[in-house]
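Read the structure below first, then the notes.
Protein chains: 4
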Amino acid sequence: MARRLRLGMIGGGQGAFIGAVHRIAARMDDRYELIAGALSSDPQRGRASAAELHIAEDRVYASVEDMITREAGRAHPVDVVAIVTPNHLHYAATKALLRAGIHVICDKPLCHSLEEALDLEHEVAKRQALFALTHNYTGYPMIRHARAMVAAGELGDIRVVQVEYAQDWLATALEASGQKQASWRTDPARSGAGGCIGDIGTHAFNLAEFVSREKVQSVAAELTTFVEGRRLDDNTQMMLRFEGGARGALWSSQVTVGQDNALRLRIYGSKGSLEWAQESPNELRFTRLGEPPQTLRRAGPHLGPEAAHATRLPPGHPEGYFEAFAQLYRDFAEQINAVQEARTPDAASLLVPGIEAGVRGMRFITASVASSQNNAAWTALE
Amino acid sequence: MARRLRLGMIGGGQGAFIGAVHRIAARMDDRYELIAGALSSDPQRGRASAAELHIAEDRVYASVEDMITREAGRAHPVDVVAIVTPNHLHYAATKALLRAGIHVICDKPLCHSLEEALDLEHEVAKRQALFALTHNYTGYPMIRHARAMVAAGELGDIRVVQVEYAQDWLATALEASGQKQASWRTDPARSGAGGCIGDIGTHAFNLAEFVSREKVQSVAAELTTFVEGRRLDDNTQMMLRFEGGARGALWSSQVTVGQDNALRLRIYGSKGSLEWAQESPNELRFTRLGEPPQTLRRAGPHLGPEAAHATRLPPGHPEGYFEAFAQLYRDFAEQINAVQEARTPDAASLLVPGIEAGVRGMRFITASVASSQNNAAWTALE
Amino acid sequence: MARRLRLGMIGGGQGAFIGAVHRIAARMDDRYELIAGALSSDPQRGRASAAELHIAEDRVYASVEDMITREAGRAHPVDVVAIVTPNHLHYAATKALLRAGIHVICDKPLCHSLEEALDLEHEVAKRQALFALTHNYTGYPMIRHARAMVAAGELGDIRVVQVEYAQDWLATALEASGQKQASWRTDPARSGAGGCIGDIGTHAFNLAEFVSREKVQSVAAELTTFVEGRRLDDNTQMMLRFEGGARGALWSSQVTVGQDNALRLRIYGSKGSLEWAQESPNELRFTRLGEPPQTLRRAGPHLGPEAAHATRLPPGHPEGYFEAFAQLYRDFAEQINAVQEARTPDAASLLVPGIEAGVRGMRFITASVASSQNNAAWTALE
Amino acid sequence: MARRLRLGMIGGGQGAFIGAVHRIAARMDDRYELIAGALSSDPQRGRASAAELHIAEDRVYASVEDMITREAGRAHPVDVVAIVTPNHLHYAATKALLRAGIHVICDKPLCHSLEEALDLEHEVAKRQALFALTHNYTGYPMIRHARAMVAAGELGDIRVVQVEYAQDWLATALEASGQKQASWRTDPARSGAGGCIGDIGTHAFNLAEFVSREKVQSVAAELTTFVEGRRLDDNTQMMLRFEGGARGALWSSQVTVGQDNALRLRIYGSKGSLEWAQESPNELRFTRLGEPPQTLRRAGPHLGPEAAHATRLPPGHPEGYFEAFAQLYRDFAEQINAVQEARTPDAASLLVPGIEAGVRGMRFITASVASSQNNAAWTALE
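Residue numbers (the working numbering), protein chains in the order written: chain Z, 21 to 402; chain C, 21 to 402; chain Y, 21 to 402; chain X, 21 to 402.
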């Protein structure tokens, strides 16, 4: 076995949400050990957070630059760093780490603008360091299987792609209460030009392209803010035209009372269809033209190697959000190990979303915001 | 008890689908007896069809005009006539019957153009005869209850309305096989300017307005034809702006493999939400802000009089499509009886969609087709 | 077409439940006309009930004997009579009607004792008149299909049969309030020795044997009464041994808060399994050994003629309780027409439960009560 | 923060299933580090397995005794050992570890006989070392919440408890193929007197008692073997009498085609009911008498501290089998830390099943086997 990778973390101190998720994901398959952190812009909180995580005191850093500089002087420096800050800090941290030759795992969305995204794409192309973007829903085994079924032609020509992502945690002005997650997600300075669309719409967009293997050509979008005083969109709907001729719709909302984290994808082709819901991730409904619907189940009969690769438990033992997230960490570890060992990585590990997915996401946000400002006129992703 | 109403039928001969549905609906609550018919344009088929239905030979007619003329001479003429032909025949038959003072039950959509629709609206306003349009999904008790909950303010301000209607029976070129239902529904001469949008999109539109009590102000629509050689749309998507500020989406498709008759409505307000699916019509999911979702069940505790009025069986004894359809027949019988008895009808009976719903439907089709022809530009329903 | 059958009804006056169900079932396919009734033991209520049903005054009778005598003198007497009274009146009415040569449709359970049941079986064997018992759940198309699949060997050897029927309407002492349905169902004088077991346990038992085509050999049963003061069982559980070696369990309850009418059947064989729930009757879950579960849907692809025979609507247009009930009426009409026309009936019509099902039901109740009184000792159905 | 606990493992080498589950569970919350192992009776496999797990070579042991002896000589010996072998090895290993003062986490069922179980209970009572039994389904937050609701009286008097656990992986003679999991589970020498009943029936039994807080007083059981040549039961059904008067049924099966890991619990009381299914573990259906059913969701509104204690993610982000399993590890770590720190443990950590649950499980198996051998006569758990 390869040694565990040495992991650093930027952001994710006490009170954060996604940092803890990254840590559990990193731990699950025992491919990483967290040994360094710049966990908070508040030094005291940073130290306290690190102590809870068994990070040695001399590897608690004030900033990403501090981490890069001082880790470089160590015999066993970090191999890879996870960036789990609010969005506005992704760009600079990613760029600095890549330039230092450190592999990067970055939370989504990639950054604030298409320009930044293209700049990062350029950096990745130039450097040795690898880059992963945690569009974590791509780690679900049934999503991997769905993508493989599309590739195998089981659906025929793709005609219709319906994707939606509905939540309700911002149905009221939660940000006014000072709640940390709500505050930065509704603040243009920290979130970027998109609110709901950046936070969850990008996940929906990414998943639709990942599974359907079709590229969105243009969008006709309407971004709406329902909660009074909010500065970013909390509901976004759009129609989609795909390059291959398919049509679709994307809807994301954070004000839909009664919806927790309802990401759903439905793809209809000339020969078959697939339907999947993130809240019941172990099942995939598949219907062949003229046949009864089948419920494909994780680890079940007749799934292929793509699903098996991302499966840890037998059927009926539910896997969930953490396991899908961990799949990206596991696959990325394989990519890094392959680089370190100067070998070709296991092909199955290459499905981790990378810089290209990040750029696509920024194109998506940019086009959607532009379309919405232009009375929902069709706007190309270019 | 009032006597049974004497019912005539236009269309609905052997091989038709919706005619048989109307007859079972009319029979269920014993408020009608079918005694006259112009069931087919083919005289032999018309007679054979009538014989199967126990219609006396001398009340088998060649046409609607024939029926009107000869029934007028009878001691006990038809009270009401159901029009169950393809769409292109609705207008003339409705107009002639109304002018003859005969009440009309017409299948949807109302007619071929907004001009025709407005003309019929004018006729209804001028005449004594009543008019019902069988947007049958409004007859489901949980839909009646949903509408009542919105009226009672249980949802607060309506923010988002998502409605969809997905089928798969036209996923292939069924019309090329000569199948009767497919042939006329894909023929502009008989269906009008809309295919899928007229056949099922109008149901979705009607249901959304019926339950939400919000009017669609404008649509940005894209009508698509996926099956080669087809002359009308088989998939239609659009975004909706409502007069009261709500936003929404409407999607209807007849090419979505694996979907039978999946009409679904979801309404999200500032205080609560409702979700309903036609294929599980006895349930309504209701969530109050900050509370767990509830599954309201037909005939269940705490439903109000609107649902009770449309309920025939205790909870857990599924009612379905026929019962919802029959509800319109039962309610319309009460309206007719009230006219005959010169009294005010039971208020609960007035929910049957009438000419206004027919006009709204034609405005919807007209605006959608226009928007689609104009690259999905926002188009008002006016 | 054959003429409509002339139908009489015993019981089912105002305030009754199952009488109205029988009437809608009889009406749905237009094979019957209700023309005579002894609807209530209270003459005034009987007349008022008949008037609402458009029954002529001179065909309102005081009793079954009265009906038999006076109908016999008519040119066009009743062909068939439906018995929809409380259980204790089934036996005498059935016997009298059969002896008068009148076909009988009787609600379940058949009667009060195995002796009565065997006596009626003897009567049916001796007479020309036909007998139907409305175990209505056998009329669902997916149940017909399930039975056909078992017959075709799709499940292999039957191993396990789990059937349950859970309601909650007797979770409190409803009978103490004078509610009519609750009063007679909890009264040994009118219901017989079984409460819950007779009212709904027999349905579960009948359905299990109907679909599995296996006979229960013996039961180990425990009948319990949870609501204080109640005189009959309101919860009954038992283990089943089938003649062919299968094992199973049957549970019925009327005190399970939150359950409406949850009749569910699951059958597991060596090659496949079937699962069905009455509250979602349009679906049947089928799994072949080693394959993903399929959702077979009413009117869907690859169903056989047995289901088609019992289907009125295309897929996705829910059929429910009334339609299943009506199927028994339609099939029984075919049986009667065949007798009247001295021909062989359509084979598909012969699935209506008859006297044998009634006798099996009484054996079941008798054995279960005996087992329960004997500390749940295994007791044969003999 | 307390230091990570030093964990040893007995069993769980390459090819095992449950060992890997324990390891992920131990890792998830970062409270343990695996540093010693006697992973296989085959020394070579033991060493290879340890290497994959980053266990140092000098802490790879040949047996539990070897581990105890040599760890005792270390400065930093194991704090706690997980036993994940086939059942027949649990007893001796547990006893030896407890006597050495090492805390034990043991997979279920506890051992082979009631005598062994009582002996272990005696050992636990005498020693300082703590004992945990991984009835992992008790770790689900919605199960913790269900138990709390029962305690709070939300269900009133418990009347009916229905529990079932259905799988299909032994529907054929898998053991004949040499499959490792199947082989030992169907071998009386390694599994004990119960097959299906020991493997999954005990989980069902444990969960029913855990949530309902009612003790099973006696069982009337029938154990059946359907697959030819199999030496232990593969299907088991029984009726239950609870000490408090409730009735119930328990069914477990490993031959039910189409069922993956379908553990389901339903509890009905005089005031309310609860229903839960392991394959959708994030939801709990709750119905109050006379009110509509509610879907309580993990992390959702109005759940109490018991659920919050076992929750890592916001609503709609599915947690699953690993997270529930990890909850036992996390809670047991708190118990051990409290002992080490000579303080009272957090009360919420005390729900981990311990030796008492192990003894109850052995009483359950013993009584069930005895009842089945006695023609399903009622047999007390004593």
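For glycine and all other residues, C-beta sits at the position ideal for the given N, C-alpha and C.
Would you say residue i faces chain Y, with C-beta separation under 7 Å as the test?
i	result
Q257 (chain X)	yes
I38 (chain C)	no
P301 (chain C)	yes
Please list, in chain order, the chain C residues whose beta carbon lies closer than 7 Å to that of residue i.
i	result
W189 (chain Z)	Simply none; closest approach about 11 Å.
F246 (chain Z)	R179
Quick one: grab the DSSP three-state call for residue i.
i	result
R210 (chain Y)	helix
Q320 (chain X)	Checking the sequence, you will find Gly at residue 320 (chain X) rather than Gln. Here G320 (chain X) sits in coil by DSSP.
Q187 (chain Y)	coil
E311 (chain Z)	coil
C131 (chain Y)	coil
N255 (chain X)	strand
G381 (chain Z)	helix
W204 (chain C)	helix
Q355 (chain Z)	helix
V170 (chain Y)	helix
Anything in chain X within Cβ reach of residue i, meaning under 7 Å, just list it in chain order.
i	result
P312 (chain C)	Q314, T315, L316, R317, G320, P321 and H322
E402 (chain Y)	What E402 (chain Y) touches in chain X: nothing, since even the nearest Cβ is about 18 Å away.
Within a Cβ cutoff of 6 Å, which residues of the same chain sit near residue i, ignoring the five residues on either side of it in sequence?
i	result
A168 (chain Y)	G324 and E326
R261 (chain Y)	Q237 and S238
Q257 (chain Y)	E242 and W271
V379 (chain Y)	A137 and E141
Examine the ligand FMN and report whether any of its heavy atoms sits within less than 6 Å of the Cβ of residue i.
i	result
P301 (chain Z)	Summarising the ligand content, the structure contains no ligands, and the ligand FMN is consequently not present.
Going by beta carbon distance, what residues of the same chain come within less than 7 Å of residue i, once the five residues before and after it are set aside?
i	result
P63 (chain X)	A82
Would residue i pass as an interface residue toward chain Z - the criterion being a Cβ-Cβ separation below 7 Å?
i	result
F225 (chain C)	no
R267 (chain C)	yes
P106 (chain X)	no
L309 (chain C)	yes
Excluding the five sequence neighbours on either side, which residues of its own chain have a C-beta within less than 8 Å of the C-beta of residue i, listed in chain order?
i	result
S69 (chain C)	G32, G33, Q34, G57, L59 and S60
For residue i, go through chain Y and note every residue whose CB falls closer than 7 Å to its CB, in chain order.
i	result
A297 (chain C)	Those within 7 Å of A297 (chain C) in chain Y number zero; the least Cβ separation is about 10 Å.
Can you find a C-beta in chain X that's less than 7 Å from the C-beta of residue i?
i	result
M162 (chain Z)	no
A396 (chain Y)	yes
I44 (chain Z)	yes
Are the C-beta of residue i and some C-beta of chain C separated by less than 7 Å?
i	result
A196 (chain Z)	no
E263 (chain Z)	no
Note down, in chain order, every chain Y residue with its Cβ under 9 Å from the Cβ of residue i.
i	result
H74 (chain C)	M21, R23, R24 and D50
Residues of chain Z with CB under 7 Å from residue i, in chain order?
i	result
E242 (chain C)	M259 and R267
R47 (chain X)	R47, M48 and D50
How would you list, in chain order, the residues of chain X whose beta-carbon sits under 8 Å from the beta-carbon of residue i?
i	result
I220 (chain Z)	Under the 8 Å cutoff, chain X gives no residues; its nearest Cβ is about 11 Å from I220 (chain Z).
Going along chain Y, which residues have a C-beta under 8 Å from residue i?
i	result
Q34 (chain X)	None at all; the shortest Cβ gap to chain Y is about 26 Å.
Residue i touches chain Z at which residues, Cβ-Cβ below 8 Å?
i	result
W271 (chain C)	Q182 and A269
In the region 316–345 of chain Z, which residues sit with their C-beta less than 7 Å from some C-beta in chain Y, listed in chain order? L316, R317, G320, P321 and H322
For the region 273–292 of chain X, which residues have a CB atom closer than 9 Å to at least one CB atom of chain Z, in sequence order? If you check each beta-carbon in the region 273–292 of chain X against every beta-carbon of chain Z, the ones closer than 9 Å belong to Q279, D280, N281, A282 and L283.
According to a CB-to-CB cut-off of less than 9 Å, which residues of the region 349–362 of chain Y neighbour chain C? none
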